[in-house]
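A.B. asks: First the structure, then my questions, so here it is.
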Amino acid sequence: MTREAHDQFAKEYLEELLKPLGQVDIGKDVKSEVREIDIWFVPNQSKSVTSDLGLLAKMAVTSCLFEPFRNPPNEMTIRSCMSKLSSLHEELFRQAKRENRRLMETEFPVLWILTPTCSKNKLDGFRATLEDDWETGVYFLGESHKTAIVAINQLPKNQDTLWLRVLGNGETQKQAVQELITVSTENQCNYLLEILASWRKNIEINTNINDEDRELIMTLSPAYLKQREEWRQEGLQTGLQTGLQTGLQTGRQEELRLIVGSLLTARFGNLDEKLSAVVTPIMELSLTERTDLLLNLSQLSREELLAKFPIK
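Mapping of the sequence shown onto the working numbering: residues 4 to 315, in sequence order.
Structure representation (structure tokens):
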């Protein structure tokens with residue numbers, strides 16, 4: 004479930020980021036074989052677009068494929084991605100030939116394999132190396148391969164890499180989500196939070212939640228809570244009737260109670276009487292305080308949490 008939910012999330016997330024820069028095709032079929040490319044991007048040629056997407060925008064200067072992975076792909080999977088790239092190159096070459104047009108080498112798309120981590124042995128096996136004018140963590144295969152492996156956990160932790168680090172896992176993703184929350188003041192960032200919130204919800208409704216799922220739910224919860232708060236504020240600002248506003252507020256509070264309760268259960272395994280007693284105090288914290296507490300819940304022991312909310 005985590006893998007399928009991540010696949011859908013990654014496609015929606017990258018599509019939202021890239022569509023101001025050009026044409027984004029999700030799930031493009033390679034005609035020579037019944038195989039699907041996760042994301043196929045063609046930049047705008049007719050206009051210059053100013054972007055603050057940093058490294059992602061740098062990658063999207065030319066036509067390219069993105070293959071994002073929740074867990075590190077093995078060698079066979081990487082070769083499969085490269086095979087899809089080769090099939091697409093052949094398809095584009097045949098199309099140009101039908102149009103009696105020569106296809107320049109620079110017109111062939113580049114493949115970006117986005118992986119949370121990548122071992123040195125694997126990189127060495129593909130002869131993947133760093134380049135001086137690219138960030139640490141971006142490894143290029145031989146020039147003619149038109150392929151690069153992006154080890155997300157190795158990327159510098161700055162604004163330029165934020166959008167890609169959200170696609171990592173563990174502490175890398177956790178920090179990136181927290182950063183995204185702090186900069187989510189524009190409409191695009193808010194929509195990205197909505198995509199993150201939807202991903203969390205898709206994982207939570209799965210009945211077979213494993214430890215990895217629980218950790219991911221914890222990581223995404225601050226984004227989910229902030230997005231819920233945004234929705235609540237938007238609802239209150241639309242001038243709805245007083246009775247509807249009251250009902251909306253009540254519904255949001257009950258949903259927030261369920262979220263806090265589920266996080267405590269995921270962290271401590273059982274929501275007993277003492278833990279149940281801290282749910283309401285947590286809900287009464289400011290959004291910033293509540294987000295910070297829940298983001299760092301995995302670092303608190305049961306005793307430390309209860310000490311923060313002594314029963315009077």
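Ideal Cβ positions, reconstructed from N, Cα and C, are used throughout, including at glycine.
How many angstroms separate the CA atom of C84 from the CA atom of A179?
C.D. replies: Those two C-alpha atoms are separated by around 26 Å.
A.B. asks: Excluding sequence positions up to five away, which residues of its chain have a Cβ less than 8 Å from the Cβ of T241?
C.D. replies: Interpretation of T241 is limited by its pLDDT of 44, a score under 50 that renders its predicted location unreliable; no figure is taken from the coordinates.
A.B. asks: Between C67 and W115, how many whole angstroms is the CB-CB distance? I'm expecting something under 8 Å.
C.D. replies: 6 Å
A.B. asks: Just checking, does the stretch 162-175 make contact with the stretch 12-27 on the three C-beta pairs under 8 Å criterion?
C.D. replies: yes
A.B. asks: Residue range of the alpha helix (DSSP H) that V186 falls in?
C.D. replies: Where V186 is concerned, the enclosing alpha helix (DSSP H) stretches over G173 to V186.
A.B. asks: Going by beta carbon distance, what residues of the same chain come within less than 7 Å of G128, once the five residues before and after it are set aside?
C.D. replies: E78
A.B. asks: What are the boundary residues of the beta strand (DSSP E) that E70 is part of?
C.D. replies: C67 to P71
A.B. asks: Determine which residues share a DSSP beta bridge with L114 and list them.
C.D. replies: L68 and T150
A.B. asks: Could you pull out every residue in the same chain whose Cβ sits closer than 8 Å to the Cβ of I314, ignoring the five residues on either side in sequence?
C.D. replies: For I314, where only same-chain residues beyond five positions count, the Cβ hits under 8 Å are K277 and A280.
A.B. asks: Within the same chain, show all residues whose beta-carbon is closer than 7 Å to that of L274, passing over the 5 residues directly before and after it, in chain order.
C.D. replies: G264, L267 and T268
A.B. asks: Just mark V64 as buried or exposed, buried being the case when its beta carbon has 16 or more other beta carbons within 10 Å.
C.D. replies: exposed
A.B. asks: Quick one: Cα of P159 to Cα of Q176, how far?
C.D. replies: 13 Å
A.B. asks: Three or more C-beta pairs under 8 Å: does that hold for the stretch 145-153 against the stretch 118-126?
C.D. replies: Contact holds: three or more Cβ-Cβ distances are below 8 Å.
A.B. asks: Does DSSP classify V263 as helix, strand or coil?
C.D. replies: helix
A.B. asks: So who's on the other strand from P46, going by DSSP bridges?
C.D. replies: G25
A.B. asks: Where does Q240 sit, in a helix, a strand or coil, going by DSSP?
C.D. replies: Confidence is the limiting factor: at Q240 the pLDDT is only 45, short of 50, which leaves the residue's position unreliable, though a coordinate-based value still follows. Correct three-state label for Q240: helix.
A.B. asks: What residues are listed by DSSP as bridge partners for F143?
C.D. replies: F143 pairs with T132 and A151.
A.B. asks: From G145, L170 and R270, pick the residue whose C-alpha is nearest to that of Q157; which is it?
C.D. replies: Of the candidates G145, L170 and R270, the one whose C-alpha sits nearest the C-alpha of Q157 is L170.
A.B. asks: Give the straight-line distance between the Cα atoms of E258 and M286, rounded to the nearest whole angstrom.
C.D. replies: 11 Å
A.B. asks: Going by C-alpha to C-alpha distance, which of L309, V113, L298 and E110 sits closest to Q181?
C.D. replies: L298
A.B. asks: Determine the DSSP secondary structure at W137, reduced to helix, strand or coil.
C.D. replies: coil
A.B. asks: Starting from the N-terminal side, write out each stretch of the beta strand (DSSP E) that is 3 residues or longer and does not extend beyond the stretch 75-127.
C.D. replies: Runs found: 113-118.
A.B. asks: Based on Cα-Cα distance, which residue from L300, R73 and E94 lies nearest to F271?
C.D. replies: L300
A.B. asks: By how many angstroms is the C-alpha of I262 removed from the C-alpha of L183?
C.D. replies: 20 Å
A.B. asks: Take K70 as the anchor and find which of Y16, A310, K311 and G25 has the nearest alpha-carbon.
C.D. replies: Here residue 70 is Glu; the residue named in the question, Lys, does not match the sequence. Nearest of Y16, A310, K311 and G25 to E70, Cα basis: Y16.
A.B. asks: Which residue from L288, E93 and D55 puts its Cα closest to that of N161?
C.D. replies: Of the listed residues, the one whose Cα sits closest to N161 is D55.
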